[in-house]
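Read through the structure below, which is laid out as structure tokens, and then see the notes.
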Amino acid sequence: MRAIQISRYGGPEVLVQEEVPDPASGNGAVAIRVSAAGVNYMDTMCTANSYLKPVELPYVPGGEVVGRTADGRRVLAMMDGGGYAELVVTSSPFVAEVPDGVDDHQAVALGVQGLSAWHLLRTCARIVPGESVVVNAAAGGVGSLLVQLAKLFGAGRVVAAASSPDKRAFAMAVGADVAVDGAAAGYRDRVVEANAGRPVDIIFDATGGAVFDAALDALAPLGRIVTYGVASHVLPAPIATAQVIERTVAVGGFWLPQVISLPGRYREPLAELFALTAAGRLRPAIGGVYPLGEARRAHEDMLGRRTRGKLVLEP
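Counted from 1, the sequence shown has number 625 at position 184 by my numbering; the numbering is strictly sequential.
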């Protein structure tokens with residue numbers, strides 16, 4: 442079968458299409474003929490071996506696919522690598538049937554990114570109707586779903602932060618009430634102004650570095666900031682305990698594999714995401730569809746910040 446395999450760590454240049462043996466199936470394993478494989482920022486980190494969990498070479502990236510099982514079921518599967526291929530075999534418990542009314546591209550967007558957005562709002566921030574929400578990197582796959590779900594879950598005002606005018610326009614098109622420049626310099630003033638002059642209740646950040654530090658200053662009392670990535674590759678400054686106590690704010694972190702391994706944290710939220718999408722209330726944004734052999738270009742576009750929404754590979 443064809444697969445994208447890396448034999449050394451590095452950037453997009455190490456992604457090479459190879460002919461490799463079909464994966465072996467065992468007892469309880471599910472074989473899936475892949476129709477769509479999701480591309481996520483964590484894939485670029487796995488390729489560079491800078492992700493939270495080290496990878497061993499040779500390695501086929503990709504943590505989510507949609508495809509058909511041998512008995513004809515259309516499923517979404519999440520696994521620990523191997524998705525950039527024509528065929529995957531997984532014994533993972535994270536396999537769920539995709540309902541009619543949700544196409545392959547939408548379904549793969551609801552895997553890593555859809556579940557992340559759902560859990561960031563419901564599980565981590567525990568949004569209360571009427572609260573204000575700021576979404577950094579709002580034009581990305583997770584960000585664009587956060588914007589939509591925040592509105593669906595009752596947010597009083599959703600502020601999108603993004604790096605360029607076209608990305609801010611995109612965030613407005615998917616449902617943000619207002620969009621601002623996401624740069625660290627002047628961040629607090631822009632966000633507070635966008636929230637009618639008031640500090641905000643919830644901020645979601647996957648950028649890290651100076652953006653996270655600036656975002657922390659924009660929180661209202663009882664506000665929460667949840668970090669789920671460090672796309673800037675710069676860690677935020679250390680947070681003094683006194684700063685959190687005096688301002689009565691909470692800082693949280695989120696890593697999807699930790700959460701969905703808990704009972705009731707995978708199929709149940711995924712069922713809600715599928716239902717909202719099938720009903721037309723949630724619209725996963727597909728930012729680019731690439732042939733499997735152009736995985737390198739997909740990674741280059743993502744790292745070059747030229748993309749919006751979900752990127753998909755098609756074998």
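From the three backbone atoms N, C-alpha and C, an ideal C-beta is built for every residue, glycine too. Only a predicted model underlies this, so the values are computations on that prediction, with no experimental measurement involved.
Distance from the CA of Ala-478 to the CA of Tyr-500, rounded to the nearest whole angstrom, comes to 16 Å. By the Cβ test, the segment 559-568 is not in contact with the segment 524-538, since fewer than three Cβ pairs between them sit closer than 8 Å.
For the alpha helix (DSSP H) assignment, the uninterrupted runs of no fewer than 4 residues enclosed by the segment 569-614 are, from N- to C-terminal side, 582-593, 606-614. With fewer than 16 neighbouring CB atoms inside 10 Å of its own CB, Ile-686 falls in the exposed class.
One thing to note: Leu-663 has its Cβ no nearer than 8 Å to the Cβ of Ile-644.
About 11 Å separates the beta carbon of Val-600 from that of Asp-622, a gap too long to meet the 8 Å contact definition.
Here the alpha carbons of Phe-695 and Ala-518 stand approximately 21 Å from one another. Within the same chain, Cβ atoms closer than 6 Å to the Cβ of Arg-708 are found at Ala-537, the five residues on either side in sequence being excluded. Going by C-alpha positions, Arg-514 is about 27 Å away from Val-583. The beta-bridge partner set that DSSP reports for Leu-752 consists of Val-480, Gly-729. An exposed status is given to Leu-676, since fewer than 16 other beta-carbon atoms sit within 10 Å of its beta-carbon. Judged by pairs of C-beta atoms under 8 Å, the segment 604-611 does not touch the segment 625-639, as fewer than three such pairs exist. Our two residues, Thr-718 and Leu-593, have alpha carbons roughly 12 Å apart in a direct line. By a beta-carbon distance limit of 8 Å, Leu-551 contacts Leu-714. Their separation comes to about 5 Å. Counting along the chain, no alpha helix (DSSP H) covers Val-667; the unbroken beta strand (DSSP E) around it starts and ends at 660-668. Within a 10 Å sphere around the beta-carbon of Ala-712 sit fewer than 16 other beta-carbons, which makes this residue exposed. Arg-722 and Leu-590 have their C-alpha atoms roughly 9 Å apart. Secondary structure note for Asp-545: its alpha helix (DSSP H) is the uninterrupted segment 545-550.
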